[in-house]
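Novice:
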Amino acid sequence: MAAIENGKKEESVLRTAFGNVLSFFILLLIGILAFSIRLFSVIKYESVIHEFDPYFNYRVTQFLTKNGIYDFWNWFDDRTWYPLGRVIGGTVYPGLTLTAGTLWWILNSLNIPLSVETVCVFTAPIFSANAAWATYLLTKEVKGTGAGLTAAALLAMVPSYISRSVAGSYDNEAVAIFALIFTFYLYIKTLNTGSLFYATLNALAYFYMVCSWGGYTFIINLIPMHALLCIVTGRYSSRLYIAYAPLVVLGTLLAALVPVVGFNAVMTSEHFASFLVFIIIHVVALVYYIKGILSPKMFKVAVTLIVSAGLAVCGAVMAVLIAMVATSPTKGWSGRSLSLLDPTYASKYIPIIASVSEHQPPTWPSYFMDINVLAFLVPAGIIACFLPLSDASSFVVLYIVTSVYFSGVMVRLMLVLAPAACIMSGIALSEAFSVFTRSIKFQLLNLLQSKKIDAGETITTDSAVTQTDAAKPAKSEGIVKERPSKKNKKKEKEPVEKATVRSRIQKKLLVLPLEASVIAILLLVLLGAFYVVHCVWAAAEAYSAPSIVLTSRTRDGLHVFDDFREAYAWLRHNTDVDDKVASWWDYGYQTTAMANRTVIVDNNTWNNTHIATVGTAMSSPEKAAWEIFNSLDVKYVLVVFGGLVGYPSDDINKFLWMVRIGGGVFPHIKEPDYLRDGQYRIDSQATPTMLNCLMYKLSYYRFVETDGQAFDRVRQTEIGRKHFKLTHFEEVFTTHHWMVRIYKLKPPKNRIRGKTKRTKSQKSSATASMKRSSRKRNPWQ
Amino acid sequence: MAKKLSIFIAISLVLSLCDAFNLDNPSSRRILVLLDDFAIKSSHSLFFNSLQSRGFDLDFKLADDPKNALQRYGQYLYDGLILFSPSVQRFGGSIDAAAILDFIDSGHDLILAADTSASDLIREIATECGVDYDEDQSSMVIDHTSYAVSETEGDHTLIAADDFIKSEVILGSKKIEAPVLFQGIGHSLNPANSLVLKVLSASPAAYSANPNSKLAQPPSLTGSSISLVSVLQARNNARVMISGSLSMFSNRFFRSSAQKAGSSTKHQKSGNEQFFTELSKWIFHERGHLKAVNVRHHKSGEVEEPGMYRINDDLEYSVEIFEWSGTSWEPYVANDVQVQFYMMSPYVLKTLSTDGKGLYSTAFKVPDVYGVFQFKVEYQRLGYTTLSLSKQIPVRPFRHNEYERFITAAFPYYGASFSM
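Taken in order, these protein sequences are the chains called A and B.
The opening position of the first sequence corresponds to residue 22 in our numbering, with each subsequent residue numbered one higher.
The opening position of the second sequence corresponds to residue 655 in our numbering, with each subsequent residue numbered one higher.
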């Protein structure tokens, strides 16, 4: 007996060792997969920073590596938001910058001379590998190693996350998603172990998250929600207390250290939920403590006492809080958070938030595009989480529910949904596989035994196949079985053992027919294959474009539009160092980073009035616009125009937002003036206000020269006003494909003309009918 | 380094705007005089001689001389231009209205005299400078109350004008006693135009009409809105004098006696000579031309100019302002030069105190606002060239370690943290 038991023990030890080595290599491969699937952008384009915000982060990182951390902390940037400037050290989430800066510093001190740009480009892929590993840890804590590996593999290539973390996409989200998952992992780990060590680590991970991304408020609301859920469902335990209370205290202290958060960590409503739950958990802890030391009778008396006293205290505290919060006009909530709770808030009150495309609600196809088959697996995962429901699985259920809601509000928050969906799908897939493989194994055993009696050499080939098949199920089952035993060690006090025994019995009963299981496994593999194909396609085709270089494939081959860099290089080489460049705020970060010129507004939309001023200038007639720009010391105006090559996200398409934002502050700009019967158009039916505004003129100046008809390929129409001259601006540069056009403000006239004569004498037509004469004199007609 | 360089460039740009004419060697200044015919050279010799005696090199040309040119190889050959050719229809050579306007826009000076025979070309140049001659080609300024008394009664087109602009800078410190004789066409200015000035205006009773025909309809120009001599100081400080009478400059008018109708005093000599000598001094920048140099600022107690200030820093600002006297730069003395510390609107506006040697300075505290500020001096005074200096300087907030380490209000919290 003992020998057999020993053999069994050895076998299981061997098995766990084998499993561990195997899962280590699987994780390594997942990391490589996560890294390499994000390199399409470098291979297809070049090693370049993408889009808009990453350019700012890149510029900040350059500053950090050049000037050190203290200068970075105190950096007052006089080259943006002229003339207000921006205290970058105090308004930026420093996590990403510090991470990349540290990476660069380590590499350089190891004598690996990589440029800052290279490090920045590859930060996101590196951290997505980290995120995949963090997902493995989190899911392992919830449902075991098998689910963990599956979830990690899914996360490594989920398109939603790829869209934010391809090589070159050097944005906060790149490291923040890792920080988010890792913080959740440490929370669950603390919850499962009740270890103060992990609780401290959890606070540190939370600190890193606060450093990295404004989305940390999601954590500091989700964890209190979960704690509250546990308390309400009677799952309060000392482990919950250890997981929650240190996080709030240490986390809030640490968060307040980040300059951009500062006192917001205790002053704004986003954080109040955590404090409220902090109070509640203490009350509950007290109740449990008193319950432990008192007899049931005494306890009932005490309950009434405590409840009444506690209610009074709570009421007083709440009253103070409400009074404090009510003094602020937005009730202490920031605009972005309010738009989360009320999806229509932003479009109603804050055009600057609504104008950003990633703040729009997503469409249904974008769910399929971004999380693909995971959308179907998530419900199965939720069900699996309820069999049985533990603290950890209730957390991931809560996570998926809230993130689905948030992703429905803002397409950008699809990114928060993606890890949750991966975890859920990982759980679902691994549970399904374990059920199917178990039933195959169980029935195969019976089948083999019965066939052995029949004795046929013919089956050998068949059995060889089935054995290799069975290798996998054996492993996954082993892993699944291994977990409860571990759990038993930790949760000795709880009556889990009985449950697991019961579940084992249930598992034995849960046997599906052999054919059905084989087919189901095949289908699941097919589903996974489909997912992989879709992810690779999304990574290669959809999400790898750097948007700073554009390509289009036509019959005559590949066209590359490198107009942005052409324009910024022109600015850098042909203008004065201190010249100010005005453009719509989208291009602010790129102008400061690539052209190194001072801009009026940029993508950090912190000053609505300033942006509205630029919007007003763009929607004003030339003279008024000139005056606005001149008062801001602007020398050059940059507009992006896609009408020639059909680039849809150009300034004319964004123009209504300029009108709205401008009109929000300066009421003389009225949106209806730019619309004909509620329709936005630039053809001959357009309103005179539209045809005379600066944006129209700067976009379409000399446009008729190109094809003689002035056909706008984005709006698919001929423009309304083709021949006109600029009076207060002069064109200084237009890129190869006309995508960026740069104008210079003309200096004020040296002399002021007299008023008479010319209209009557022989040179009459020149000024009297500008329109007519310009049409007549137009050399291009 | 780059910042310093850019500031230097900015200053030199500002200075180069001020110094459009040759500062160092005014005696070699060349002036092109375009005439209808060479008779004017002798009939107006007193005016020309006064210029030549002040060191100007006059180059007389016929207006339709085909060899006329203002510039060669992109360089201007002359520093000033006198157009005494009211009847010219087309200039010879490469000169036309646009070339003359470019000449002004590149900072050079012009004296333009029209007459009753003023051609469209001359009128167009005047219009471009903001001066509108009476549209009626044959009209003259007529004044039945302040005409110049002469032997014959005449038609009162010879006017004795004494309504001068009140500016010592433009007309010199010595008061012009005798009236200025004028005979020619009047012009008007757009009152909204801040660049042109009436130097000599007609009396309120004057009007502009054809003296040889009966007045059929009310004259378009009447009263003191008629300007007889106007000047333009363009934004680049080029100066232009425009007069409706060529004969004003003639020896005959310079020498003749002048008596204003209704006035008993008869002046032996008209005021024309003094008037035009002084006015031409102003036109050719011998007076009223300022320059600002050595713009300096630094923290109080320091000498080095910082690249950035901190909020609430105390700083000192100084600038040196000189005026050109015709031969040398003299210190400019005034008590109304102001500096602004400007970011979209002036946060600090201080009058600079002067030491009488051209140095203007002040000290003030940087406001408690960070941003990109400018030191701005916008000095615009009647008759003086415009001084427009701006120098960009960022103002940063406190560094993290510039706040107080311990504050009294927080002592309970320090106590609490130590009690743990």
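Every residue gets a Cβ at the ideal spot worked out from N, C-alpha and C, and that includes glycine.
Where are the alpha helix (DSSP H) runs, 4 residues long or more, that stay fully inside the stretch 547-619 of chain A, in chain order?
Specialist: Complete alpha helix (DSSP H) runs here, min 4: 584-595.
Novice: Got a sec? Which residues, its chain only, sit under 6 Å from Q464 (chain A) by beta carbon, not counting five neighbours each side?
Specialist: Cβ neighbours of Q464 (chain A) beyond the five flanking positions: L535.
Novice: For F97 (chain A) and chain B, any beta-carbon pair shorter than 7 Å?
Specialist: Interface residue, yes.
Novice: Would you say I754 (chain B) and I779 (chain B) are within 7 Å of each other, going by their C-beta atoms?
Specialist: Against a cut-off of 7 Å, the Cβ pair of I779 (chain B) and I754 (chain B) comes out as a contact.
Novice: Any beta carbon from chain B within less than 7 Å of I773 (chain A)'s own beta carbon?
Specialist: By this cut-off, I773 (chain A) is an interface position.
Novice: Look at N629 (chain A) and H1054 (chain B) and say whether their C-beta atoms are less than 7 Å apart.
Specialist: No; because the gap between Cβ atoms is not below 7 Å, this pair is not in contact.
Novice: W94 (chain A) versus chain B: which residues are under 9 Å apart at the beta carbon?
Specialist: Those within 9 Å of W94 (chain A) in chain B are R1053, H1054.
Novice: Given a threshold of 16 other Cβ atoms within 10 Å of its Cβ, counted over all protein chains shown, does W126 (chain A) qualify as buried or as exposed?
Specialist: With fewer than 16 other Cβ atoms within 10 Å, it is exposed.
Novice: Just confirm the distance between the C-beta atoms of N966 (chain B) and K1019 (chain B), as a whole number of angstroms; I'd bet it's less than 8 Å.
Specialist: About 6 Å separates the two Cβ atoms, so the contact holds.
Novice: Can you give, in chain order, each stretch of the alpha helix (DSSP H) that sits fully within the stretch 268-293 of chain A and has at least 4 residues?
Specialist: Taking only runs of at least 4 residues, the alpha helix (DSSP H) segments lying wholly in the stretch 268-293 of chain A are 285-288.
Novice: What residue range is occupied by the uninterrupted beta strand (DSSP E) comprising N948 (chain B)?
Specialist: Start and end: 943-953.
Novice: Got a sec? Which residues, its chain only, sit under 7 Å from K691 (chain A) by beta carbon, not counting five neighbours each side?
Specialist: Same-chain partners within the cutoff: G684.
Novice: For G838 (chain B), decide whether its Cβ has a neighbour in chain A, counting only Cβ atoms nearer than 7 Å.
Specialist: False, the Cβ-Cβ gap to chain A never drops below 7 Å.
Novice: Is it true that the CB of I975 (chain B) sits closer than 7 Å to the CB of Y986 (chain B)?
Specialist: Cβ distance < 7 Å, so Y986 (chain B) and I975 (chain B) count as in contact.
Novice: For G1025 (chain B), report the span of its alpha helix (DSSP H) as first-last.
Specialist: Per DSSP, G1025 (chain B) belongs to no alpha helix (DSSP H); it is in the beta strand (DSSP E), 1025-1033.
Novice: Of the residues A:F454, A:F582, A:I673, which one's Cα is nearest the Cα of L545 (chain A)?
Specialist: Per the Cα distances, A:F454.
Novice: Have a look at the DSSP bridge pairing and note the partners of D817 (chain B).
Specialist: DSSP, once it has assigned bridges, lists B:S855 as partnering D817 (chain B).
Novice: Taking just the CA atoms, how far does V187 (chain A) sit from T166 (chain A)?
Specialist: Computed Cα separation, rounded: 27 Å.
Novice: Which residues in the same chain have their Cβ closer than 7 Å to the Cβ of T756 (chain A), if we skip the five residues on either side of it in sequence?
Specialist: Closer than 7 Å at Cβ, skipping near neighbours: D584, E587, A588.
Novice: What does the alpha-carbon distance come out to for the pair G578 (chain A) and S411 (chain A)?
Specialist: Each residue's alpha carbon lies about 57 Å from the other.
Novice: Are the CB atoms of S855 (chain B) and S881 (chain B) nearer to each other than 7 Å?
Specialist: It is a contact, given that the beta carbons lie within the stated cut-off.
Novice: So who's on the other strand from S1007 (chain B), going by DSSP bridges?
Specialist: In the DSSP output, where bridge partners are listed per residue, S1007 (chain B) has B:S1015.
Novice: Would you call L933 (chain B) buried or exposed, if buried means 16 or more other Cβ atoms sit within 10 Å of its Cβ?
Specialist: By the 10 Å Cβ count, L933 (chain B) comes out buried.
Novice: Using the Cβ count rule (16 or more neighbours within 10 Å means buried), how would you classify N78 (chain A)?
Specialist: Buried, because 16 or more other Cβ atoms sit within 10 Å of the Cβ of N78 (chain A).
Novice: Chain B beta carbons: is any one of them nearer than 7 Å to that of V269 (chain A)?
Specialist: Chain B, which has no Cβ nearer than 7 Å to the Cβ of V269 (chain A), makes this no.
Novice: Below 7 Å between beta carbons: does that hold for A168 (chain A) and G549 (chain A)?
Specialist: Going by C-beta atoms, A168 (chain A) is not nearer than 7 Å to G549 (chain A).
Novice: Measure how close the beta-carbons of I172 (chain A) and F203 (chain A) come, nearest whole angstrom, since I'm counting them as under 8 Å.
Specialist: In the sequence as displayed, the identity of residue 172 (chain A) is Ala instead of Ile. The Cβ separation is near 14 Å, so there is no contact.
Novice: With 7 Å set as the bound, which would you pick, yes or no: does the beta-carbon of S105 (chain A) sit closer than that to a beta-carbon of chain B?
Specialist: Looking at the sequence provided, one finds Leu at residue 105 (chain A) rather than Ser. Yes, its Cβ sits closer than 7 Å to a Cβ of chain B.
Novice: Rounded to whole angstroms, what's the CA-CA distance from V394 (chain A) to L207 (chain A)? Just pull it up for me.
Specialist: The straight-line gap from Cα to Cα measures roughly 28 Å.
Novice: Quick check on this structure: which residue in B:K920, B:A912, B:S972, B:R1059 has the alpha carbon closest to the alpha carbon of A814 (chain B)?
Specialist: Checked all of B:K920, B:A912, B:S972, B:R1059; the closest Cα to A814 (chain B) is B:A912.
Novice: Can you pull out the residues from the stretch 668-680 of chain A whose beta carbon lies closer than 7 Å to at least one beta carbon of chain B?
Specialist: Hits within the stretch: zero.
Novice: Note down, in chain order, each residue of its chain lying with its Cβ closer than 6 Å to the Cβ of I824 (chain B), except the 5 sequence neighbours on either side.
Specialist: Here the set comprises W936, G1037.
Novice: For V949 (chain B), is the beta carbon positioned less than 6 Å from some heavy atom of the ligand ADP?
Specialist: Here there are no bound small molecules, and the ligand ADP is not part of this structure.
Novice: Between which two residues does the alpha helix (DSSP H) containing T727 (chain A) stretch?
Specialist: Unbroken alpha helix (DSSP H) run through T727 (chain A): 725-728.
Novice: Give me the residue from A:Y420, A:Q706, A:L438, A:T348 with the minimum Cα distance to P383 (chain A).
Specialist: Nearest of A:Y420, A:Q706, A:L438, A:T348 to P383 (chain A), Cα basis: A:L438.
Novice: Return the CA-CA distance between I252 (chain A) and L135 (chain A), expressed in angstroms with no decimal places.
Specialist: Cα to Cα, the separation comes out at about 51 Å.
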